[in-house]
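Chains as they are written, first to last, in my numbering: chain A, 104 to 496; chain B, 104 to 496; chain C, 346 to 725; chain D, 346 to 725. Glycine is no exception: its CB is placed at the ideal position from the N, C-alpha and C atoms.
Set out below in structure tokens:
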């Protein structure tokens, strides 16, 4: 057992760190991390400018084969990059990038890989996600959006929801039902396409007034058969490949760790009743417990990644990684607000708001992150079924 | 809304308190409460001597009609007595007394009430419980012990488990299947009888070495038809009447409150690193939080009892009362051990063990009390189904 | 005297509740709540007038001063309903400022203000907290210095609810820096139009109209002092006890809404071919929320009853506020979780409660500070 | 030098694990665990001998002293297995007392003791804690005073594991009361048969053979000092770091058993016509236990790796002990709950783990004290 990285990995980490530290300086005022990228024009411009630099350095696709624009590194290098970028809150990886890339890498045809991956590696695509529907959330396989063959195309009709970032996107991936007679998971197909006529978005405003999510109305949207990833009716597995990858995301814990460090700094510098918060035993205990939690979350993410390098199926581990970090971040945000007391509820825009109101924003965002992309409950189910072999009922 | 008791109730509370304070002085060394009554001869003798005095005062059956040996008081008076006795850890109420009494009062014939209740009021009966079976725990309705009519009797065969206190008991109540063709809950009958030939007990030793529970082997045990409480095949409802009553038991919270007060006293008198534990902010917070919890549990128990005085169905409230207090007591025991550090794990028998090792015993007992008589999970189900009207599946 | 235990609300209280619920459902729907969240004034004159007509602002004002003469439990009932409705109005602020007038106001002050409050013609805001962000006497550093013409007040108040809408501020100021803080504080009502007074709004998670209020040589006549010189803190302490229990009542109302709506949603929302309320996990979440709220509720009612009777309540108010704050926070967190995505949006009402629960937690005493107070009260 | 990340155990470690698991399954079944819980000696000579033959006591002893020369991770692997098996033996005690000998023992001492330890001929017990019940230097008040013939030790040690079986006690004593405690402590090995030494057993929740050890003018020769006069505390501190991480490994082994057996039980036990493992509640309980244990485990391995490399580990040892203690406690609590009644009895093995988890929690640092240490280490 060896926790030390290779000299090459350490070198890469230093490169990533130097880059991200520099880019972080350019962040708009009150920047709280990637979830703010889509919200404002300023945030979006920042995101795009960072992503273009990252793409130019080849860091978007470190572990891809070189023929598709990748660098031929291992998953560990990719993880280090995700960790560093998230820690510095640099919006370095486009939304849904990992999900789509994993689907194409695992299920795409050679032709599709050559068509899509280099463009993605160059950060030329901004994806919107067309998975959930009003009546297919946790139960995604209940989706009713249909795709019907018509010549060389499929014609898609239906409604999607939680289409995050759609208002900034130029492409969309859609999971649609291509065979209503097959069992629920088996009749779905995974489409990718440029957004065009037949797709309309309506903003779905988050509780903190942010615009990240949308509803998507799909009306006779035509997609060429060439743009089916994987086989017809194999869409569920293409989607799961991406989701499992996304679930192991170390960025949750890395971003939270940085937020914790901000809170620690606040406690060191803030007095209450003549005593620094950091000297109060109760607060010391709480902060130390979070330090432990983030240490555990990061170590566990490396463990998951290590298993991936060995080709192990990590569906359960990835689910554990994801729900643990999401629940942790939510707890951190709520505890930070509590420690900050009356100041903790102030929003940005006031000089009195610590960290421009970051923690109260996080307490709202995080309440969504324990839901989005697989609720805590669904992830625990995945662990129970896939990891522990418990019966599905 | 008025939280004040009537002058009569206050007077009764003073009587109960004076009595219990006095009786508490006679407790054997290291006495930790009612669960220890059956374990040793000394504990059993103490229990019996208290119970006889309580019976003589008429306090076992305060709310029963006078014709059956009761006092014609309300449920509030009964609750006050339970609270005071539990708080002083006086084993004043025989095990299963409330359960059987509730079943007989609600479902017994006039003849049965006259036969059984006065004897119970005089504390002449020590009950053993014949409900759970090895394959019918949380799913009690799965029980397979059979009772088959034979002349004026039923002949009972099967195996029971968790027969608490059986080795001190002279009577037993048994839920047995009298009609295997009816739906599961509907084919059960509730029998009461003196323990006799055909009943054998085997000790089932608790993890802390205590002998409270037993296995019971029933082999052609004959019970007269006269000893069926309620109608044939109505046993489930007779049993539930008792269980619901038992679930509202305030003694859980009252006993725990007293344990908390012991812990508080310990923290006031014990130094660690030159500082009294009670002055440490972390410990102050924990103790205060428990004070809040016990205050809430006691107030809620009175609320449940108040609803009962109005004739409301309190199945959900009683379940909430029970699981809340049981979980609370378990947390208290574990926290107390933690606060006591290395001393917390010492068992009685050493001069170094605080409170004769009470809290580590409680941490073991309490792990059983979140299971016995309805697990926390089953109680939450009852709340969901009965109280919130959620579908049973 | 001896009581007669009764854990029901009175018939009159039930009527008050029903009336309030109907009124708010009709006059203050959630669409209006959203509108008022964006509205800087935090105040709708027409609705305020109707609330006055219903007797709400006069609820705790004695009949001699044109009020209803209700008790504290009556107030709790009403606040449960305003909490359930997410009412945006300076009602809470005005009500808690009424207590010091009742407790310590001169007959003249009462005669001037109480009828006007009851009539909805006077809005009050409590200017107590400061950048020290504490509810202790030591946290008050704003000073009022005696001059010929009255008192000159200087200092900065922070987290002042409804100052933007108030006719008068109830300002808590230090009048003696030599004595311990508890013995050197006085109360003043300050005309909101006074020279030197500056009000700057503070955006918050709950959009609940907090403000920074700067007193820059604000002159107030001597007659504006409420109660005795340097005798203000005991009055504030009693105000805070009542405010914290009153805030709990708002939280009960909000939490009731959350639990009820989650149950309803769990019965309707179908996933995996069944209502999600048939899944054990959702059942246990809801059973726990219901149980925790059911327990916390009685801590609040008990504290309210003590206040109603004028009995000491420091311990019980701290107990109620510590627990109810955490239960409300947890209920809303689980509420969002049970609803899933839709609960995180501005299109659903759940977020209103989620945000308010987080706002209510530190107000009038955080759980930590309440537990510490309780620890002190029980002699730890 | 540069590493090469690898989160697997080595082939040799996997063999060590399998061998240990097989050996313990065969030689130390749970029936024997129960027997040994009632046995005052805490010690079975025949099994101890076989353990020595397997090289366990010599695992961390260098080859020059007839040991195996294994590293700290090797030890963790073995302790996971002893923890899983609930081994009752003075193995942990002897092993942690081996560290000071390695760190600070003279060549003579090493030559005498290490081969005997490796051969299973020497049982050691750590006499560190006292009625002060703390792991700080200030908690050590037992004094050793220099005399002509050696040192006279006086004081009471408490919570001393395995003193009843030990040939020697490793006694931590104050040799200078003028200096700060960290600079006035020395280590002695004390013959268990010494005059003036009294050992009284302390019954515990885990039946883990703790003792009160009274030193009443116990004379030890000067040559029995390990390391420098007054230089003992840094040695003890390093011992404690390793002991706390080692204790975590035992807990991992126990928790693994609990999770595995609960999963197996959940698949077999039928209630309401289905295996209870098909109910969402049970699934979520188990998923959470598995996740928490999975996370805590890596804190322990990381700390173990630092110790293996001889790197500073104060922060990481505290991190691991704080978290693993709580995870084990929670796992065993849920383990009993999932099993229901049978899990609370002496007939089922779950209770063995439930009791051990509660015993392990305060040993070598409670979660609170570990978090406080961590807070200190990160500059709070």
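ask   = Which chain B residues are close to residue 727 (chain C), counting only those with a beta carbon under 7 Å from its beta carbon?
value = Residue 727 (chain C) lies beyond the range of chain C shown here (346 to 725); nothing can be said about it.
Contact residues within the stretch 384-395 of chain A, judged by C-beta distance below 7 Å to chain D = 387, 388, 390, 391, 392, 394 and 395
key: Separation of residue 494 (chain C) from residue 367 (chain C), as counted between CA atoms   = Your numbering for residue 367 (chain C) matches position 22 in the third chain. Your numbering for residue 494 (chain C) matches position 149 in the third chain. Cα to Cα, the separation comes out at about 49 Å.
inquiry  = Whole angstroms are fine: how far does the CA of residue 653 (chain D) sit from the CA of residue 399 (chain D)?
reply    = One-based indexing of the fourth chain puts residue 399 (chain D) at position 54. One-based indexing of the fourth chain puts residue 653 (chain D) at position 308. Those two C-alpha atoms are separated by around 21 Å.
key: Whole-angstrom distance between residue 198 (chain B) and residue 225 (chain B), CA atom to CA atom   = Against the second chain, residue 225 (chain B) aligns to sequence position 122. Against the second chain, residue 198 (chain B) aligns to sequence position 95. Distance between the alpha carbons of residue 225 (chain B) and residue 198 (chain B): 14 Å.
Per-residue DSSP class, three states only, for residue 149 (chain B) = On the second chain, residue 149 (chain B) is found 46 positions in, with the first residue counted as 1. Helix, per DSSP.
inquiry  = Checking the sheet assignment: what are the DSSP bridge partners for residue 497 (chain D)?
reply    = Counting from one through the fourth chain, the residue named residue 497 (chain D) turns up at place 152. D:490 and D:564, per the DSSP bridge assignment.
message = Tell me the rounded alpha-carbon separation between residue 666 (chain D) and residue 711 (chain D).
response = Mapped onto the fourth chain, residue 666 (chain D) falls at position 321. Mapped onto the fourth chain, residue 711 (chain D) falls at position 366. Their backbone Cα atoms lie some 8 Å apart in a straight line.
key: Bridge-paired residues (DSSP) for residue 395 (chain A)   = Mapped onto the first chain, residue 395 (chain A) falls at position 292. BP columns for residue 395 (chain A) are empty, so no partner.
ask   = Which partner residues of residue 105 (chain B) appear in the DSSP bridge assignment?
value = Residue mapping note: residue 105 (chain B) aligns to position 2 of the second chain, counting from 1. Its beta-bridge partners are C:351.
inquiry  = Considering only the alpha carbon of each residue, which of C:585, C:675 and C:611 lies closest to residue 445 (chain C)?
reply    = Position 100 of the third chain holds residue 445 (chain C). Per the Cα distances, C:585.
query = Can the beta-carbon of residue 423 (chain A) be found closer than 8 Å to that of residue 680 (chain D)?
reply = For the purposes of this step, residue 423 (chain A) is identified with residue 320 of the first chain, where counting begins at 1. For the purposes of this step, residue 680 (chain D) is identified with residue 335 of the fourth chain, where counting begins at 1. Their beta carbons are not under 8 Å apart, which means residue 423 (chain A) does not touch residue 680 (chain D) by this criterion.
message = Less than 8 Å between the C-beta atoms of residue 420 (chain D) and residue 440 (chain D), yes or no?
response = Within the fourth chain, numbered from 1, the residue matching residue 420 (chain D) stands at position 75. Within the fourth chain, numbered from 1, the residue matching residue 440 (chain D) stands at position 95. Yes. Within cutoff.
task = Note down the Cα distance separating residue 598 (chain D) from residue 669 (chain D), rounded to an integer number of angstroms.
result = Within the fourth chain, numbered from 1, the residue matching residue 598 (chain D) stands at position 253. Within the fourth chain, numbered from 1, the residue matching residue 669 (chain D) stands at position 324. Between residue 598 (chain D) and residue 669 (chain D), the C-alpha separation is close to 11 Å.
key: Inter-residue spacing [alpha-carbon to alpha-carbon] between residue 657 (chain C) and residue 362 (chain C)   = One-based indexing of the third chain puts residue 657 (chain C) at position 312. One-based indexing of the third chain puts residue 362 (chain C) at position 17. Each residue's CA atom was taken as its position, placing residue 657 (chain C) and residue 362 (chain C) some 27 Å apart.
message = Going residue by residue through the stretch 187-265 of chain B, where are the continuous alpha helix (DSSP H) segments of at least 4 residues, counting only ones entirely within it?
response = 200-210 and 213-224, all fully within the stretch 187-265 of chain B.
message = If you follow the alpha helix (DSSP H) that residue 630 (chain C) is in, where does it begin and where does it stop?
response = Residue mapping note: residue 630 (chain C) aligns to position 285 of the third chain, counting from 1. 625-654 is the span of the alpha helix (DSSP H), which, as asked, contains residue 630 (chain C).
query = Quick one: what's residue 544 (chain D) bridged to in DSSP?
reply = Stepping through the fourth chain from its first residue, residue 544 (chain D) is reached at position 199. Beta bridge pairing from DSSP links residue 544 (chain D) with D:558.
inquiry  = Considering only DSSP beta bridges, list what residue 122 (chain B) is partnered with.
reply    = Translated into positions along the second chain, residue 122 (chain B) becomes position 19. BP columns for residue 122 (chain B) are empty, so no partner.
inquiry  = Tell me which residues share the same chain as residue 119 (chain A) and place their Cβ nearer than 8 Å to its Cβ, disregarding the 5 neighbours each side in the sequence.
reply    = One-based indexing of the first chain puts residue 119 (chain A) at position 16. Taken in chain order, the residues that qualify are 162, 183, 184, 187 and 188.
query = In or out: residue 450 (chain C) buried (at least 16 other Cβ within 10 Å) or exposed?
reply = Walking along the third chain from the start, residue 450 (chain C) turns up at place 105. Classification for residue 450 (chain C): buried.
query = Can you name, in chain order, every residue of its own chain whose Cβ lies under 7 Å from the Cβ of residue 346 (chain C), other than the five neighbours on each side?
reply = Locating residue 346 (chain C) in the third chain gives position 1, counting from the first residue. At residue 346 (chain C), the pLDDT of 47 sits below 50, so the modelled position is not reliable; the number obtained from the coordinates is stated separately. Taken in chain order, the list of residues that qualify is empty.
ask   = Is it true that the CB of residue 308 (chain B) sits closer than 8 Å to the CB of residue 701 (chain D)?
value = As a first step, residue 701 (chain D) must be located in the fourth chain, where it is residue number 356. As a first step, residue 308 (chain B) must be located in the second chain, where it is residue number 205. Between residue 701 (chain D) and residue 308 (chain B), the C-beta spacing is not below 8 Å.
message = Spatial neighbours of residue 509 (chain D) within its chain, please: C-beta separation below 7 Å, excluding the five flanking residues on both sides.
response = By 1-based counting over the fourth chain, the position of residue 509 (chain D) is 164. Counting only Cβ-Cβ distances below 7 Å, and skipping sequence neighbours, we find 385, 386, 387, 544, 546, 554 and 556.
Separation of residue 523 (chain D) from residue 438 (chain A), as counted between CA atoms = Within the first chain, residue 438 (chain A) is the residue found at index 335, counting from 1. Within the fourth chain, residue 523 (chain D) is the residue found at index 178, counting from 1. C-alpha separation (whole angstroms): 44 Å.
Proximity to residue 372 (chain D) [Cα-Cα], best of D:383, D:567, D:434 and D:402 = Here residue 372 (chain D) corresponds to residue number 27 of the fourth chain, with the count starting at 1. Measuring from the Cα of residue 372 (chain D), the nearest candidate turns out to be D:434.
ask   = Beta-carbon of residue 486 (chain B) versus every beta-carbon of chain C: anything under 8 Å?
value = Within the second chain, the letter at position 383 stands for residue 486 (chain B). By this cut-off, residue 486 (chain B) is an interface position.
key: Three-state secondary structure (DSSP) of residue 413 (chain A)   = In the first chain, residue 413 (chain A) corresponds to position 310, counting from 1. Residue state, collapsed to three classes: coil.
request  = Could you name the residues of chain D that residue 242 (chain B) contacts, counting a contact when the two beta carbons are closer than 7 Å?
outcome  = Counted from its first residue, the second chain places residue 242 (chain B) at position 139. Within chain D, the residues near residue 242 (chain B) are 616 and 617.
ask   = What does a CB cutoff of less than 7 Å around residue 642 (chain C) pick up in its chain, not counting 5 residues either side in sequence?
value = As a working mapping, residue 642 (chain C) is identified with position 297 in the third chain. Taken in chain order, the residues that qualify are 597.
key: Of the residues D:707, D:370 and D:610, the one placed nearest residue 663 (chain D), counting alpha carbons only   = Here residue 663 (chain D) refers to the residue found at position 318 of the fourth chain. Among D:707, D:370 and D:610, the Cα nearest to that of residue 663 (chain D) is on D:707.
message = Please list, in chain order, the residues of the stretch 617-651 of chain D that have any C-beta partner in chain C closer than 9 Å.
response = Here the close residues are 624, 625, 626, 627, 628 and 629.
message = For residue 332 (chain A), would you say it is in contact with chain D, using Cβ-to-Cβ distances shorter than 8 Å as the test?
response = Within the first chain, the letter at position 229 stands for residue 332 (chain A). Under the Cβ distance rule, residue 332 (chain A) does not count among the residues neighbouring chain D, no pair being separated by less than 8 Å.
DSSP state of residue 480 (chain B) mapped onto helix, strand, coil = Taking the second chain and counting its residues from 1, one reaches residue 480 (chain B) at position 377. Note: residue 480 (chain B) maps to helix in three-state DSSP.
ask   = According to DSSP, what are the bridge partners of residue 319 (chain B)?
value = Here residue 319 (chain B) refers to the residue found at position 216 of the second chain. According to DSSP, residue 319 (chain B) bridges with B:263 and B:304.
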